Structure formats: structure tokens, C-alpha cells
Amino acid sequence: MRHRLQRRSNLFLMEIILAILFFSIASAVCIRLFSRAHVQSEETAALNHAVLIASGAAEALETWDGTPESMEALFPESIWDENTFLAGYDSDWNACPLSEAVYRMSADISEEEAPSPEGILLCGTIAVSYSDGKEIYTLTTQCYRTDLRKEGL
Numbered sequence: 005m006r007h008r009l010q011r012r013s014n015l016f017l018m019e020i021i022l023a024i025l026f027f028s029i030a031s032a033v034c035i036r037l038f039s040r041a042h043v044q045s046e047e048t049a050a051l052n053h054a055v056l057i058a059s060g061a062a063e064a065l066e067t068w069d070g071t072p073e074s075m076e077a078l079f080p081e082s083i084w085d086e087n088t089f090l091a092g093y094d095s096d097w098n099a100c101p102l103s104e105a106v107y108r109m110s111a112d113i114s115e116e117e118a119p120s121p122e123g124i125l126l127c128g129t130i131a132v133s134y135s136d137g138k139e140i141y142t143l144t145t146q147c148y149r150t151d152l153r154k155e156g157l
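In C-alpha cells, the structure reads:
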């Protein structure tokens with residue numbers, strides 16, 4: 005009788021071990037899925053903010069008067085370097101100096117021949133990236149301006 009009782013307890017112990025093993029594997033899979041979903045959510049939020057920042061810069065290019073000061077007024081804490089405009093953003097997407105930036109936006113602005121001699125064609129490549137250089141979003145824009153021909157870039 006004692007031998008039979010021991011056999012039942014061994015079987016019960018084996019069932020418990022298998023149940024614990026099953027639940028530990030299931031919980032590891034769930035934790036991995038949740039962590040992947042969290043990372044994907046953060047990347048999507050960064051992409052949404054990058055699209056907004058790049059769109060804002062493209063709209064600012066449409067109304068730009070050709071001076072670095074006017075662009076720096078729209079984007080505080082920014083740097084103008086020849087035909088490249090740089091702005092930095094912290095982790096909450098607030099403007100900050102480039103030395104403290106988590107994200108950065110660069111806009112390369114160039115002038116091309118316009119179809120009409122009265123104006124110029126401003127071309128801009130606006131890139132938003134992480135501070136380590138990994139690109140989040142790039143926007144290419146063109147804007148035909150007749151009011152900048154007299155002043156030039």
C-alpha cells in the first residue's frame with residue numbers, strides 16, 4: 005500500500021512540474037511579445053513626431069524670406085550652416101540645443117533653375133533622425149518662389 009501511495013505522489017509531482025514548465029514558457033513568450041509591442045509603439049510615436057516636424061519645416065520653407073534669422077525664429081535653438089539648417093529635440097520633442105538632442109532635424113536647402121525667369125525653385129531635403137544618425141523620416145520638397153529672385157539666397 006505504501007508503494008502505491010508513493011507512485012501517486014510521483015505522478016502528481018510530475019504533473020505539477022510539467023504545468024510549471026508550460027506556464028513559464030507561455031509567460032516568456034508573452035513578455036517577449038509585450039516588449040516587442042512596446043518598442044514598436046515607441047518607434048511609431050517617433051515616426052509620427054518626425055513627420056510633423058518635417059512637415060512643419062517644409063511649410064516654413066514655403067514662407068521663408070531667404071534669411072537665416074527668419075528660419076531660426078521659427079525653430080528656436082537651431083543652427084544655420086550655409087544652406088543647411090539643423091535643429092535639435094529632446095525626448096519629449098521639445099526644441100533643445102544640438103548638444104543635448106535625442107532627435108535632430110536637418111534641412112538641406114538648394115536653389116535650382118525655375119521654369120520661369122521671374123522666380124526660383126527652392127528644393128529641400130528634410131531629414132529627421134536619432135542623435136546617433138539612425139534615420140526616422142525624410143521628406144523632399146520643392147517650392148516655386150517669385151519673391152526671392154531679387155534678394156537671392
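First residue of the sequence shown: 5, per the working numbering; consecutive thereafter. By construction, the Cβ of each residue, glycine as well, lies at the ideal position given by its N, Cα and C atoms. This one's a predicted model, so the numbers in the text were calculated from it and none came from an experiment.
Through-space distance from residue j to residue i, alpha-carbon basis
i, j, result
"E122", "S74", "23 Å"
"E63", "D85", "20 Å"
"T88", "S28", "53 Å"
"I113", "T129", "7 Å"
"S135", "A23", "47 Å"
"S59", "Q44", "22 Å"
"A61", "E47", "21 Å"
"S103", "F26", "49 Å"
"G92", "E66", "21 Å"
"R36", "F16", "30 Å"
"E116", "F38", "49 Å"
"D94", "M18", "54 Å"
"P72", "A32", "53 Å"
"T30", "R40", "In the sequence under discussion, the amino acid at residue 30 is Ala, which differs from the Thr named in the question. One C-alpha to the other measures close to 15 Å."
Residue i in three-state terms, based on DSSP
i, result
"E46", "helix"
"A105", "coil"
"S135", "coil"
"F89", "strand"
"E155", "Reliability of the predicted coordinates at E155 is poor, the pLDDT of 49 falling under 50, and the value obtained from them is presented with this limitation in mind. It is coil, neither helix nor strand."
Beta-bridge pairing of residue i - partner residues as DSSP gives them
i, result
"L56", "According to DSSP, L56 bridges with nothing at all."
"L143", "I130"
"S2", "Outside the displayed range of the chain (5 to 157) lies residue 2, so it cannot be described from this structure."
"S82", "A91"
"R149", "I124"
"C100", "G92"
Nonlocal neighbours in the same chain, by C-beta distance under 6 Å from residue i, ignoring five residues either side
i, result
"W97", "H53"
"C127", "S114, E116, Q146"
"V55", "Y141"
"A50", "I140"
Chain-order list of residues whose beta-carbon lies under 7 Å from that of residue i (same chain, five-residue window excluded)
i, result
"T150", "E122, G123"
"P80", "A99"
"E76", "S82, W84"
Distance between beta carbons of residue j and residue i, contact taken as under 8 Å
i, j, result
"I57", "V132", "5 Å"
"L90", "S110", "5 Å"
"Y107", "L125", "Actually they are not in contact, since the Cβ atoms of Y107 and L125 sit about 29 Å apart, beyond 8 Å."
Below-9 Å beta-carbon distance, residue i vs any chain C residue
i, result
"S74", "Among the chains in the structure shown there is no chain C, since it carries only a single protein chain."
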